[in-house]
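Chains as they are written, first to last, in our numbering: chain A, 78 to 182; chain B, 59 to 509.
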């Protein structure tokens, strides 16, 4: 079995307590926590909350970084964006960009 | 359930506890048949887990065992009390999970679980086997901590309205029949309990309704606690909308333009340290008695009792104290192998007991079970919680949290420097948007969990 980056990171973390590791979280694991508001795989049915499915990855990253620094003010998104590293924001961007753009009902 | 019955229920369960999970852990590599994951409980946690399991691998079999063939969501039920929604609006069909995702359903009740042979027996006599079992049974109530209170009184005179359905309708009838200058008493439960901001959103939305329909009415919140989820954003909204006098202890960080009132407005909140704890109720006199000895009459008394894991979790020997301890990497019970516990019943450390928490716990358990069934190591998990509450139909407040696994302690912890509640210096537009997002959240959240 060929290991992806995610599996290797997990294996490093499992070597034992005390082993420093980045505990890298996959884009799917990260992105699925957004789905409660933004829809399954980003396909929101009520687009008052913006759908993320098919969003351009660079645009996603730029928006999240702007929320994180406060350059752009949202409501809850500033508080949410501050939880994530650059690497995690990139992983989420790739995850959502991998889905077709959703169409609202 | 008597002790003898409980032993029957667990006849074979105990044998499993001495063996490590790995010994029993079934994997796809050794079987010809597709793996079978059974989910007990078709609420938000169970439904989301089933959906995400099938999304992740449609070849596995997923069966939900649930008593009722329609789910009634709790979130949004405060709006049934005010007439903004109907009880039918709370009903969610399982058709989409069945037809779109291929989840199987058995509308039945679990009577026994054998964790050794991994077999479940149902009330109808049907038996089914599982490779992995997810238990998402929700909460039950402690009826015995307050003098004069009982389940019977909750079902007749002092409804809790903390599980949606008949309880919601009973409380609504009482509120509608309340005299125009009547007093409604809300008694929120001690921590931890389902939906921490719920009692206070209830007070808010009823105040909005009473302002129009019963402007002389009072809402008295008698709290065992000295603070609650989003308390400052709620109190600021109450101050602006319902002439609420913000207590001195909650003034820190409040904006300069808060109103100062000489007398309590429509909502009055009594914290535990000021005698808010209710120690007795009298269903005939319609009174509550506080720890400080005051006896207060209410025309409507919404007593929300203390909570613990659902009865099934106790019957299955999954509890320690009132809740179910789990390994947070996999959400697997620390008491019985191959059984995972999610939602309000599980110990999730810093995560609140909310539908959103159950939804993200379900996604973690689905991902980890798929790894385990494919002989892979579990992956690094993350969870989140987002909750919007309405202070009025046009004024919302929120709380959010992004959670991670602390590998040193094994606990779920909030990500430092992030999350938290709506800022107190938020603009009018901000709170307006949060009320709007609450409605959109409801639709997207129900669809993410059930459809």
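Note that CB positions come from ideal geometry on N, CA and C, so glycine has one too.
Chain A residues whose Cβ lies nearer than 7 Å to that of residue i
i                      : result
residue 151 of chain B : The premise fails here: residue 151 of chain B is roughly 15 Å from chain A at the closest Cβ pair, so nothing lies under 7 Å.
residue 499 of chain B : 114 and 126
residue 495 of chain B : 125, 126 and 152
residue 369 of chain B : None at all; the shortest Cβ gap to chain A is about 28 Å.
residue 488 of chain B : 152
Delimiting residues of the alpha helix (DSSP H) encompassing residue i
i                      : result
residue 112 of chain B : 102-114
residue 268 of chain B : 256-271
residue 296 of chain B : 289-300
residue 506 of chain B : 486-508
residue 443 of chain B : Looking at the DSSP string, residue 443 of chain B is not in any alpha helix (DSSP H); the run it does join, the beta strand (DSSP E), is 440-450.
residue 423 of chain B : 413-431
residue 224 of chain B : 224-235
residue 372 of chain B : 369-373
residue 137 of chain B : 136-139
Nearest residue (CA-CA) to residue i, options the options
i                      : options                       : result
residue 228 of chain B : B/215, B/238, B/240 and B/496 : B/215
residue 95 of chain B  : B/131, B/140 and B/177        : B/177
residue 132 of chain A : A/158, A/163 and A/108        : A/108
residue 484 of chain B : A/165, A/160, A/159 and A/150 : A/150
residue 354 of chain B : B/367, B/335, B/499 and B/144 : B/335
residue 193 of chain B : B/296, B/389, B/208 and B/91  : B/389
residue 195 of chain B : B/117, B/99 and B/360         : B/99
residue 127 of chain A : B/505, B/499, B/509 and B/508 : B/499
residue 444 of chain B : B/464, B/156, B/433 and B/496 : B/496
residue 221 of chain B : B/265, B/253, B/202 and B/241 : B/253
residue 277 of chain B : B/259, B/289 and B/509        : B/259
residue 479 of chain B : B/351, B/294 and B/166        : B/294
residue 200 of chain B : B/454, B/379, B/455 and B/320 : B/379
residue 321 of chain B : B/303, B/307 and B/331        : B/303
residue 315 of chain B : B/482, B/456, B/93 and B/398  : B/482
Straight-line gap, residue i to residue j (C-alpha atoms, nearest Å)
i                      : j                      : result
residue 79 of chain A  : residue 401 of chain B : Low confidence applies to residue 79 of chain A: its pLDDT is 45, below 50, so where it sits in the model is not reliable, and the reading given next is rough at best. So the two alpha carbons sit approximately 35 Å from each other.
residue 121 of chain A : residue 459 of chain B : 20 Å
residue 171 of chain B : residue 309 of chain B : 52 Å
residue 139 of chain A : residue 162 of chain A : 13 Å
residue 392 of chain B : residue 126 of chain B : 29 Å
residue 219 of chain B : residue 232 of chain B : 12 Å
residue 130 of chain B : residue 224 of chain B : 10 Å
residue 169 of chain A : residue 437 of chain B : 16 Å
residue 178 of chain A : residue 166 of chain A : 19 Å
residue 144 of chain A : residue 157 of chain A : 8 Å
residue 161 of chain B : residue 311 of chain B : 49 Å
residue 230 of chain B : residue 275 of chain B : 15 Å
residue 217 of chain B : residue 226 of chain B : 8 Å
residue 404 of chain B : residue 251 of chain B : 12 Å
residue 206 of chain B : residue 414 of chain B : 34 Å
residue 283 of chain B : residue 433 of chain B : 46 Å
residue 174 of chain B : residue 152 of chain B : 30 Å
residue 422 of chain B : residue 91 of chain B  : 24 Å
residue 301 of chain B : residue 289 of chain B : 16 Å
residue 249 of chain B : residue 364 of chain B : 8 Å
residue 506 of chain B : residue 172 of chain A : 17 Å
residue 238 of chain B : residue 135 of chain B : 23 Å
residue 411 of chain B : residue 367 of chain B : 11 Å
residue 197 of chain B : residue 369 of chain B : 8 Å
residue 325 of chain B : residue 441 of chain B : 35 Å
residue 333 of chain B : residue 110 of chain A : 40 Å
7 Å Cβ cut-off: residues of chain B touching residue i
i                      : result
residue 103 of chain A : 437
residue 121 of chain A : 502
Continuous beta strand (DSSP E) stretch holding residue i: start and end
i                      : result
residue 145 of chain A : No beta strand (DSSP E) contains residue 145 of chain A, which is instead part of the alpha helix (DSSP H) from 134-146.
residue 208 of chain B : From DSSP, residue 208 of chain B is part of no beta strand (DSSP E); its letter is neither H nor E.
residue 564 of chain B : Past the boundaries of the shown model lies residue 564 of chain B; chain B is included only from 59 to 509, so the question cannot be answered.
residue 409 of chain B : Looking at the DSSP string, residue 409 of chain B is not in any beta strand (DSSP E), and its letter there is neither H nor E.
residue 464 of chain B : 453-464
residue 166 of chain A : Here residue 166 of chain A belongs to no beta strand (DSSP E); instead the alpha helix (DSSP H) covers 163-174.
residue 355 of chain B : 353-355
Interface residues of chain B facing residue i [CB-CB closer than 8 Å]
i                      : result
residue 107 of chain A : 440
9 Å Cβ cut-off: residues of chain A touching residue i
i                      : result
residue 103 of chain B : Residues of chain A passing the Cβ test: none, with the nearest at roughly 12 Å.
residue 129 of chain B : Within 9 Å Cβ-Cβ: nothing; residue 129 of chain B doesn't reach chain A, min ~16 Å.
residue 425 of chain B : 103, 105, 106 and 109
Neighbour list for residue i in chain B, Cβ cutoff strictly below 9 Å
i                      : result
residue 100 of chain A : 438, 462, 463 and 465
residue 178 of chain A : Within 9 Å Cβ-Cβ: nothing; residue 178 of chain A doesn't reach chain B, min ~16 Å.
Partners in chain A for residue i, counting only beta-carbon separations shorter than 8 Å
i                      : result
residue 256 of chain B : None at all; the shortest Cβ gap to chain A is about 17 Å.
residue 408 of chain B : Result: empty, since nearest Cβ-Cβ is about 13 Å, beyond 8 Å.
residue 478 of chain B : 156
Exercise for the section: Determine which residues of the segment 441-454 of chain B have a Cβ less than 7 Å from any Cβ of chain A, and write them out in chain order. Expected result: 441, 442 and 444
Handout entry: Under 7 Å (Cβ pairs) to chain B, residues found in the segment 141-164 of chain A
Key = 152, 153, 156, 157, 159 and 160
Exercise for the section: Identify each residue in the segment 136-167 of chain B for which the Cβ-Cβ distance to at least one residue of chain A is less than 7 Å, and report them in chain order. Expected result: none
Handout entry: the segment 319-348 of chain B: positions lying closer than 7 Å to chain A by Cβ
Key = none
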